[in-house]
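**Q** Below are the structure tokens for one structure; questions will follow.
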Amino acid sequence: MTNIDTSPAGRRFDLIAFDWDGTLYDSTAVIVRCIQEAVVDVGGRRPSDHDAAWVIGLGLAEALARAAPDVPPEKYRELGERYRFHYLRHQDDLVLFDGVLPLLDALAARGHKLAVATGKSRRGLDQALHSVALRHRFDASRTADETFGKPHPRMLLELMEALDVTPERTLMIGDTVHDLQLARNAGCASVGVGYGAHSTEGFDALAPLHVAHSVPDLAEWLLQRG
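Its first residue numbered 5, the sequence shown is counted upward by one per residue in our numbering.
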């Protein structure tokens, strides 16, 4: 990110809200594997990589139900427990994408308010924030279990209200169509990232301002045009 102007002059967005998994955190492959293992554990048909990845970003209960259409509702609780079991086993394998911390620091120095809007649970997000010493870098966060899950706009509307920012001054960044639809439903602009859970083929219909194919690409766009 050398030679990029990080001054507040000309800042387009006051609030930048990030999805977590697949956008800041390199966790897509692990989550896909955990979903697949959990479904098999409760007797369901193993979802394909594509089907397991597609539900990432939704609230956990909805994600697992969609990934396992042949699992009866009475097994959903067990399905969730098995997912958490497998996820905890792999939690230490998860890391931030290279370049995320310098990007967040540069955005904060430029005066942007930073937030997280995620399908994770509050407990899961707090554990992740603590483990990578990120808590102090975000001004607010919302999780799927404390408000409506994506793509319902409530999550982003609550963040805007808490940080006193209007929709036209808010940007949502995420790696799934659920994130981009969330932004559209909340009346906000969006940027997609192409290195996470979803193929970018479905992004065009949701009109993101940019699709970044790496963290350096994302950083360059944000610090020049955000």
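A virtual CB, placed ideally from N, CA and C, is assigned to each residue, including glycine.
Taking the beta carbon of A216 as the centre, do at least 16 other beta carbons fall within 10 Å, making it buried, or is it exposed?
**A** Here the question's residue 216 lines up with position 212 in the sequence shown. When all chains shown are included, A216 counts as buried.
**Q** Inspect the CB distances between the stretch 139-151 and the stretch 159-173 and report whether three or more fall short of 8 Å.
**A** Touching, per the Cβ criterion.
**Q** Specify, as a first and last residue, the run of the alpha helix (DSSP H) that T122 falls within.
**A** On the sequence shown, position 118 is the one that residue 122 refers to. Here T122 belongs to no alpha helix (DSSP H); instead the beta strand (DSSP E) covers K117 to T122.
**Q** What did DSSP end up calling A193 once you bin it into helix, strand or coil?
**A** By 1-based counting over the sequence shown, the position of residue 193 is 189. Reduced to three states, the DSSP call for A193 is strand.
**Q** Going by DSSP in three states, G48 sits in which element: helix, strand or coil?
**A** As a first step, residue 48 must be located in the sequence shown, where it is residue number 44. Correct three-state label for G48: coil.
**Q** Rounded to whole angstroms, what is the Cα-Cα separation between G26 and A201?
**A** Position 22 of the sequence shown, counted from the first residue, corresponds to residue 26. Position 197 of the sequence shown, counted from the first residue, corresponds to residue 201. Their Cα atoms are separated by approximately 6 Å.
**Q** What do you get for T6, buried or exposed, if any count of 16 or more other CB atoms within 10 angstroms of its CB means buried?
**A** Along the sequence shown, read from residue 1 onward, the residue named residue 6 stands at position 2. Bear in mind that the predicted position of T6 carries a pLDDT of just 41, short of 50, making it unreliable; the figure below should be weighed with that in mind. Per the 10 Å Cβ criterion, exposed.
**Q** Which residue comes first and which comes last in the alpha helix (DSSP H) that contains A201?
**A** Working through the sequence shown from its first residue, we reach residue 201 at position 197. Here A201 belongs to no alpha helix (DSSP H), and DSSP marks it neither H nor E.
**Q** DSSP beta-bridge partners for R146?
**A** Along the sequence shown, read from residue 1 onward, the residue named residue 146 stands at position 142. Answer is A121, bridged to R146.
**Q** Does T10 come out as helix, strand or coil in the three-state DSSP assignment?
**A** One-based indexing of the sequence shown puts residue 10 at position 6. In this predicted model, T10 has a pLDDT of only 45, less than 50, meaning its place in the structure is not dependable; the value taken from the coordinates is given anyway. Reduced to three states, the DSSP call for T10 is coil.
**Q** Alpha carbons only, please: which of G198, Y91 and E41 is nearest the one belonging to D311?
**A** Nothing can be reported for residue 311, as the shown portion of the chain is limited to 5 through 230.
**Q** When you compare each of A132, E78 and A110 to D96 by their alpha carbons, which one comes out closest?
**A** The sequence position of residue 96 within the sequence shown is 92, counting from 1. It is A132 whose Cα lies nearest to the Cα of D96.
**Q** For G178, report the span of its beta strand (DSSP E) as first-last.
**A** Here residue 178 is taken as the residue at index 174 of the sequence shown, counted from 1. That run of the beta strand (DSSP E) goes T174 to G178.
**Q** Leaving aside the five residues before and after G84 along the sequence, list all residues of the same chain whose C-beta is less than 7 Å from its C-beta, in chain order.
**A** Position 80 of the sequence shown, counted from the start, is the residue given in the question as residue 84. Closer than 7 Å at Cβ, skipping near neighbours: L64, A65 and L68.
**Q** Give the straight-line distance between the Cα atoms of G153 and R15, rounded to the nearest whole angstrom.
**A** The residue given as residue 153 occupies position 149 in the sequence shown. The residue given as residue 15 occupies position 11 in the sequence shown. C-alpha separation (whole angstroms): 29 Å.
**Q** Kindly give me the distance between the Cβ atoms of L107 and A223, rounded to whole angstroms, as I take these residues to be in contact under 8 Å.
**A** Locating residue 107 in the sequence shown gives position 103, counting from the first residue. Locating residue 223 in the sequence shown gives position 219, counting from the first residue. Confirmed, about 5 Å.
**Q** Over the uninterrupted alpha helix (DSSP H) stretch that includes A21, give me the two end residues.
**A** In the sequence shown, the residue the question calls residue 21 occupies position 17. Where A21 is concerned, there is no enclosing alpha helix (DSSP H), although the beta strand (DSSP E) it sits in stretches over L19 to F22.
**Q** Could you tell me how far apart the beta carbons of D53 and L98 are, in whole angstroms, since I believe they sit closer than 8 Å?
**A** For this step, residue 53 is matched to residue 49 along the sequence shown. For this step, residue 98 is matched to residue 94 along the sequence shown. With a Cβ gap of about 18 Å, D53 and L98 do not count as contacting.
**Q** Can you check whether the CB of L111 is closer than 9 Å to the CB of L213?
**A** The count along the sequence shown starts at 1 and reaches residue 213 at position 209. The count along the sequence shown starts at 1 and reaches residue 111 at position 107. Not closer than 9 Å, so no.
**Q** In this structure, does DSSP put A216 in helix, strand or coil?
**A** Locating residue 216 in the sequence shown gives position 212, counting from the first residue. Reduced to three states, the DSSP call for A216 is strand.
**Q** In three-state DSSP terms, what is V59?
**A** The residue you call residue 59 lines up with position 55 of the sequence shown. V59: coil per DSSP, three-state reduction.
**Q** Does D168 pass the burial test, meaning 16 or more other C-beta atoms within 10 Å, or should it be called exposed?
**A** Reading the sequence shown from its first residue, position 164 is the one you call residue 168. D168 is exposed by the Cβ-count criterion.
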